[in-house]
Structures are given as structure tokens and as C-alpha cells.
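S.K.: Residue numbers (the numbering used here), protein chains in the order written: chain A, 863 to 1231; chain D, 408 to 665.
Positions of the beta carbon are idealized from the N, C-alpha and C atoms, including for glycine.
The following block contains the structure, expressed as C-alpha cells.
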Ligand code: SF4
């Protein structure tokens, strides 16, 4: 399990490289075909700035070569915002006095119909972490109900056991997304003071459990800005590398959520600028050449249009981050975070086309699940 | 040259360039590139298309009166999944040709020889015309041939790598031994690579990435058509043997006593 491997990683050494990467390190990384984590760190360091055009061009070429001029489109479906956790940065934090909803099966159907009508065939089920409302039988039933409409169904919910993931896989779920939020253990404890989420290692081993249960695609990431973003990004890179090696049948994806304003008003410790995020995306493309890289509607339209060719292969569009948000304008449910790119999926697809890229709505088939 | 047809399972093809449909910037560019390639066999990933509503997607862009639409099982990790996809394609009205791809590793997309052979044996029995994508393994090719596959499709180098023919030694053995057409699939990054495969005696080549992601996919498709044809013509003309010793071009001229 990754928690055992994680213990052997010298975080002090990673920090040392973060603080001491030079222009020569960046140049060396640029010249290599297979990068190690030290190269990755060099590429996201301040020393990389002067080489940014070269790094970006390499990332763009590799992306086109491996994935073509296509972007896979997906949409999140928030099924519940009840949560027993107390993450200090999140609007769904159980201490926040916000509207809460867990969708009924009828409501799920309506939301799914609205999402499918926009063209989406790849769906991500998202929920807060409260098993009294949103447990494995509920998620399995939702997946089973939605499978005829969608080619691929992913989950981004509380960490489950291997058996629970197997149940979801049997009911048509093929992808799992789980963010560690931060790999800095002390900070992790500090920002997750209550609820099951405070168990660092249980969360860290979630991708292993998902892969062992037969999930085809596993997405990882951190909440950029929560801790030292370079250290966190380096840890994601190492985690991705571990997953690719140990679960060679599983496709690994990486997302880049930046900490956003939400109910509770938490401020990031280490804000990530647009330029830094751009460097991180390019560095992941060069380090994990074959990974799916995801950019969500947390980022502005302007930023997304500018950076997507340099590594991104999957994007969401038209997202609603509150349960019922697609069909129920009156929903009392609070949003998890405010989206920045509020264009319709069709508008996003048209913009991609203008840049010479095809929005792909279906790149999976239920027969493969 | 007009009689030089490629024959697979009784069907004749004038063009020896097969084209893949993934990775294009739009269906329109894809269609223009296919036209320019003059290809008569176009592969389509079943996982990408809506067989329930084919008018919605790329299938509608392909002229099937002229072109054989070859569905492929890309994404299948096991024989079972590949078989499921193949059966589904046939039940949805596709011809019973199938490009068999079983690639459990999503990174390099290298084919699984064991699962591919298993799936091939079953699909052939079910009446499919099976064109398996495989590593350049001569013995596996013989097994697939014995199982009744219509062709073998060994890779030149990993999919999308554009590295050209890195499996030359094995490809030569495969071509020498094969009783079915050999189609070099994957890794061909330039028209010269296609020419090289054809000069070696391959019966056809399949190209996707190198055309789809070229600066000008339509012009590149045309270039690949020419490369493929040049290689074929060179093969038929019988290439002069290589030699490391310089020879006078007219040997007799060098004979001093004549
Ligand atoms: S981040 Fe997730 S677990 Fe934490 S409070 Fe928000 S919804 Fe709950």
C-alpha cells in the first residue's frame, strides 16, 4: 500500500530540491526523455520561468502525440452535500450552517437527463462524506440506474473499502477520484480536525483499494495552495508513478484544483498563481507522459482556453456544484465552491474547435466495464 | 500495377494504406484526410462511437460505399471484453470484420498476446473476419494464422510513438513465414517509415497518429499514400542487394584485359 511507500520518502530531501533547483537542473530535465522527481521539481521551480516557452512547447507536442487534438468532456453530478467532516476550507463542512440535500432517485434521474441532454456521456458522481445519506448501497443503486445513459461513471465520494469499491464496479462504476488534499501530514491533521477524514493513511491508501477492486481509472490530486504547493505537487507525481507501476492495467489521472473561496472563508497558505499552475500542468505532462490531466470549471474561461493545449486532456463544462443544481434553480443546497468558467458545454466545445481541438463526449463504452 | 490488389478474406483493395480515426481535431479534417489518403480501410474505435445513434458521430463522416469500416476493440483489457465489443458491433449492423485489440496496459497500449489469441480463436469460430493487432512475435503470428485470422498486424513500434520500425528483425521473419497478409500497425511516424515497411514486403500499413496530429493532416495523408505506394513498387521491382564494398556500376568495365 502507498502509506508504506510514503513513509520511505524523504520529504526533507524533496524540500531541499524545491529550495535549490537551478537553471541547470531545468535544462537537464528538458533534455531528458524519462524524468525523475527531481526533474519534475526543477520544472515547477522559479528557475523554470525563463525556460517556460520551451517547457510548454515540449508539453504541447507530447500531449498531441499521445492524445491527439482531442479533449474528453465530463460533468460532475453532485448527489449529496451532507458531510460529517470538518475540513476547514470546504463549504460542505458539517459545522457550516448551509442548505443540505441528498437527491432522491427521481431527482438523480432528472439531473442525469439534463446532463445527458448537453451531450455528456462521461459522468462523475460527487458527494459530501456522510454515509447516513450517501452509502455504498445508495451509490451502487444510483450507478445502476444511470448506466444506460452514460458510457463511463466515476465516483468522488468518501473513501471506501475494497469490498465497497468492488460493489460499485459491479454496478457500473469504472472510475475513482480521490484527492489527498495535502501530503503534509501535520497540516493534514490541522485542516481536517474532525470526522473520518482525519485518518491520513486511510485516505492515502484509497487509490490502492480502488485499483485492487478493478477501477479502470484512478484520479488523484491535491488542493493546490493548502500546503507548500511544490511539495504537494511532487508528492502527487510520486504517487502517480507508484500507481502506474503497481497497477499497470489502471489509467491514472491527475487534477489541479486550486483552493477556492467557499462558505467558511478559508484562505490558502501558499497561493498558486496562474503561471505556477501552468508550470505544474506542463511538468506533469513531461513527468507522467501518459497520464490523463484534468482541468475543471474552477478555473476561468480565459485561463482554460489559454493553457489547455499544454497537457490537459480532460475538461468539465457547465458544472453545478450543488445537489439539484442542473434542474432545480430553487434548490436550497449550498454549492461546494463557485465555478469560474460558466460557459455552456456547447460553448466550450465550440471554443475548443476554434483552437483546432475536438471535444470528445464518448471515449468509453459500458461493455468495457 | 493495376492488377496489384491486396486481398483479405476474398475482398480486394487497391490501396495498401489503412487509416485510423482517433486523434483528429474534427470529423471534417478526418474525412478530408481519409479522402487524401485514398485509403479503403478505415478503423474506428467502438468505444468512441454511439452505435445506437451512428448519425451522431464520426461514422456519419465516412463513405462506406467505398471504404471498409473496420471496427476495433481498443480499450478492451481481456479477451472477454473484446469479444463483447465485437458481438455488439455486429448486432448493431457493422460488417463482421473486426480489428482485434486487447491492450490491458493503458500507457503504452501494448497488446496482450495470450488474451488476443484466446479472443481470436473464439471470434473466428463465430464467423468474424479477424485482424489482430499484436507485438512483432513470429510464433504468435503462426498461432493466429492457424486459428483462422485473416491477417496479422504486428507493430513497428509502440502506438503513437512515431518511432518507425524498431521491430525489423522480427517483422522480416513474420513476412517471410506468413501465409496471410501482414499489415504493419502502430509506430509509423513518417511516409518513409511506411515505405520502409512496404519495401520489406509488408502487404499494407496502418497509420493514425502521424496523419492526425501532423501540422497539415490532409497533406500528410497524401504523403503517406505516396510513401506506401513507393515502398510497394520498390518491393515489386526487387530491390538491389545492399553491399558494404564499393562496386563499379558496370562490372565488366573494370576488367582490364578485355
Ligand atoms: S472537503 Fe469533502 S469531506 Fe471535507 S467537508 Fe468538504 S465535502 Fe466534507
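Would you please state the rounded distance, in angstroms, between the beta carbons of residue 974 (chain A) and residue 1008 (chain A)? I believe it to be under 8 angstroms.
M.R.: Contact holds; Cβ gap of about 5 angstroms.
S.K.: Could you check whether the Cβ of residue 952 (chain A) sits closer than 7 angstroms to any heavy atom belonging to the ligand SF4?
M.R.: Checking the Cβ of residue 952 (chain A) against the ligand SF4 gives yes.
S.K.: Compare the Cα-Cα distances from residue 992 (chain A) to each of A:957, A:1013 and A:947 and report the closest residue.
M.R.: With distances taken between Cα atoms, residue 992 (chain A) lies closest to A:947.
S.K.: Counting contacts by CB-CB distance shorter than 8 angstroms, is residue 645 (chain D) in contact with chain A?
M.R.: No, residue 645 (chain D) does not count as interfacial toward chain A.
S.K.: Can you list, in chain order, the residues of its chain whose CB lies under 8 angstroms from that of residue 877 (chain A), leaving out five sequence neighbours each side?
M.R.: For residue 877 (chain A), where only same-chain residues beyond five positions count, the Cβ hits under 8 angstroms are 1090 and 1093.
S.K.: Report, in whole angstroms, the separation of the C-beta atoms of residue 1174 (chain A) and residue 933 (chain A), which I expect to be a contact under 8 angstroms.
M.R.: The Cβ separation is near 7 angstroms, so the contact holds.
S.K.: Chain A beta carbons: is any one of them nearer than 8 angstroms to that of residue 665 (chain D)?
M.R.: Annotation note: pLDDT 41 at residue 665 (chain D) (below 50); position unreliable, no value reported.
S.K.: Residue 1080 (chain A) by DSSP, collapsed to three states: which one?
M.R.: Here residue 1080 (chain A) sits in strand by DSSP.
S.K.: Can you pull out the residues from the segment 593-615 of chain D whose beta carbon lies closer than 8 angstroms to at least one beta carbon of chain A?
M.R.: So nothing in the stretch comes that close.
S.K.: Checking the sheet assignment: what are the DSSP bridge partners for residue 1177 (chain A)?
M.R.: Paired residues: A:935 and A:1157.
S.K.: Measure the beta-carbon distance from residue 602 (chain D) to residue 571 (chain D) and round it to whole angstroms, keeping in mind my assumption that it falls under 8 angstroms.
M.R.: Wrong, their Cβ atoms sit about 11 angstroms apart, outside the cutoff.
S.K.: Could you tell me whether any non-hydrogen atom of the ligand SF4 is closer than 7 angstroms to the CB of residue 949 (chain A)?
M.R.: Yes.
S.K.: Let me see if you follow: with CB-CB separation under 8 angstroms, is residue 932 (chain A) close to chain C or not?
M.R.: This model lacks chain C altogether, as its protein chains are A and D.
S.K.: Looking at the unbroken beta strand (DSSP E) that takes in residue 573 (chain D), where does it start and where does it end?
M.R.: Premise fails: residue 573 (chain D) is in no beta strand (DSSP E) and is neither H nor E.
S.K.: Ignore the nearest five residues each way along the sequence and tell me which others in residue 879 (chain A)'s own chain have a CB closer than 6 angstroms to its CB.
M.R.: Here the set comprises 900 and 903.
S.K.: Rounded to whole angstroms, what's the CA-CA distance from residue 959 (chain A) to residue 1016 (chain A)? Just pull it up for me.
M.R.: Answer to the nearest angstrom: the Cα atoms are 29 angstroms apart.
S.K.: Quick check: is any heavy atom of the ligand SF4 less than 7 angstroms from the C-beta of residue 945 (chain A)?
M.R.: Result yes, Cβ under 7 angstroms from the ligand SF4.
S.K.: Measure how close the beta-carbons of residue 522 (chain D) and residue 485 (chain D) come, nearest whole angstrom, since I'm counting them as under 8 angstroms.
M.R.: Contact holds; Cβ gap of about 5 angstroms.
S.K.: Excluding the five sequence neighbours on either side, which residues of its own chain have a C-beta within less than 7 angstroms of the C-beta of residue 1133 (chain A), listed in chain order?
M.R.: For residue 1133 (chain A), where only same-chain residues beyond five positions count, the Cβ hits under 7 angstroms are 1087.
S.K.: With a threshold of 16 other CB atoms inside 10 Å of the CB of residue 410 (chain D), please say whether the residue is buried or exposed.
M.R.: Burial call: exposed.
S.K.: Per DSSP, what are the beta-bridge partners of residue 419 (chain D) in this structure?
M.R.: Partner(s): D:414.
S.K.: Hey, could you find the ends of the alpha helix (DSSP H) residue 1041 (chain A) is sitting in?
M.R.: It is not in any alpha helix (DSSP H) - residue 1041 (chain A) carries neither H nor E in the DSSP assignment.
S.K.: Quick check: residue 495 (chain D) and residue 1229 (chain A), are their CB atoms within less than 8 angstroms of each other?
M.R.: Yes, Cβ-Cβ distance for residue 495 (chain D) and residue 1229 (chain A) is below 8 angstroms.
S.K.: Identify the contact partners of residue 1224 (chain A) in chain D, using a Cβ-Cβ distance below 7 angstroms as the criterion.
M.R.: Correct list: 455 and 457.
S.K.: According to DSSP, what are the bridge partners of residue 964 (chain A)?
M.R.: Looking at the DSSP assignment, residue 964 (chain A) forms a beta bridge with A:942.
S.K.: Counting only beta-carbon atoms, is residue 408 (chain D) nearer than 8 angstroms to chain A?
M.R.: Legend: pLDDT at residue 408 (chain D) = 49, less than 50; position of this residue unreliable, value from coordinates given subsequently. So, not an interface residue.
S.K.: Can you round the beta-carbon distance between residue 547 (chain D) and residue 524 (chain D) to whole angstroms, since I take them to be within the 8 angstroms contact cut?
M.R.: So it is a contact: roughly 7 angstroms between Cβ atoms.
S.K.: Using a threshold of 8 angstroms, state whether the C-beta atoms of residue 906 (chain A) and residue 1201 (chain A) are closer than that.
M.R.: Their beta carbons are not under 8 angstroms apart, which means residue 906 (chain A) does not touch residue 1201 (chain A) by this criterion.
S.K.: Who are the neighbours of residue 492 (chain D) on chain A, taking C-beta pairs under 8 angstroms?
M.R.: Ordered by position in chain A, the residues that pass the 8 angstroms Cβ test against residue 492 (chain D) are 1227, 1229 and 1230.
S.K.: Could you run through the segment 617-642 of chain D and flag, in chain order, every residue whose CB is less than 7 angstroms away from some CB of chain A?
M.R.: From the segment 617-642 of chain D, only 619 and 620 have a Cβ closer than 7 angstroms to chain A.
S.K.: Of the residues D:556, D:555 and D:544, which one's Cα is nearest the Cα of residue 563 (chain D)?
M.R.: Among D:556, D:555 and D:544, the Cα nearest to that of residue 563 (chain D) is on D:544.
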